[in-house]
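Here the structure comes first, spelled out in structure tokens, and everything after it is commentary.
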Amino acid sequence: MWQFSITHKEIVPAQWSRQLADHKAGALVTFEGWVRNHHQGWEVTGLEYHIYESMALKEGLRILTEARERFDLDGAVACHRQGYLAVGEIAVWVGTTAAHRGAAFAGTQYIIDQIKNRLPIWKKEFYRHHPPQWVGCCGLMEHLPALG
Amino acid sequence: MKIRVKYFALLAEQARCTEQWVQTDPCSCADLYRQLQQEHQFSLPLSQLRVVVNEEFAVMERQLQENDEVVFIPPVSGG
């Protein structure tokens, strides 16, 4: 199974793991990104994700295809939340299956790294004692056409 | 000519809308951003943005056509 999705609903890991069930696979490696309660010393109360959905879906599938070509995977699923999330919620879930664990570890790491760097997804953090702000800005998407 | 511009994240907040039709002379994506930056007081410099035209990433020098859909992409922070 190969699927990238975006959802407003709670991510339930067991549902996604089951989707990846495959008798060929000897390993499932998953990654969960959680909303944490602090950022650079500030107390975080929640996050809001804004997503350019049509582009994120297209690029997300491209990332899974790249992972499939680079590693010996049997399947890969990734799901990203959008909208407001409270502390402790799962913001992103990635799982890959493979005959052996090495490929599954590498595949999952590749996918989450690329999601964070490439997808048009923006995160606004809400704090207990400060006004909210857009954060991250780490991914400059340098694989894309450069500015002249 | 008319161009459709969509906004996300910080740009949507500063423009106070998620999309607008812009009437402009023939121009590049970079020219369009400079025009919109004046209109909306966008804080992000052009150098921090990427651009998508009709759902494909493009270079800032790309010349726009009537009815193109343009999205300026602020630095991303998914995950």
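Here the protein sequences come in this chain order: A and B.
Just remember that the working numbering sits 575 ahead of the position in the first sequence, which is counted from 1.
Mapping the second sequence onto the working numbering, position 20 (from 1) lands on 7, and the numbers just tick up by one.
We put the beta carbon where it would ideally sit given N, CA and C, even for glycine.
- Beta-bridge partners of B:Lys(-11) (DSSP): B:Gln10.
- Only His625, Tyr627, Ser629 and Met630 from the region 615 to 631 of chain A bring a Cβ to less than 7 Å from some Cβ of chain B.
- Taking a contact as a CB-CB distance under 8 Å, the pair B:Thr5 and B:Lys(-7) counts as one, their CB atoms being some 6 Å apart.
- For A:Tyr659, the uninterrupted beta strand (DSSP E) segment begins and ends at Gly658 to Ala661.
- A:Val587 is classed as exposed because its beta carbon has fewer than 16 other beta carbons within 10 Å across all chains shown.
- Of all residues in the region 29 to 41 of chain B, only Leu33, Ser34, Gln35, Arg37 and Val39 come within less than 8 Å of chain A when Cβ atoms are compared, listed by chain position.
- In terms of beta-carbon proximity, B:Val9 stays away from the interface with chain A, with every pair separated by 9 Å or more.
- Close CB contacts of A:Glu623 within its chain, under the 6 Å cut and outside five residues either way in sequence, are with Tyr659 and Lys699 (chain order).
- Residue pairing of A:Ile665 in beta bridges, as defined by DSSP: A:Trp609.
- In the structure shown, A:Glu618 falls within a strand segment according to DSSP collapsed to helix, strand and coil.
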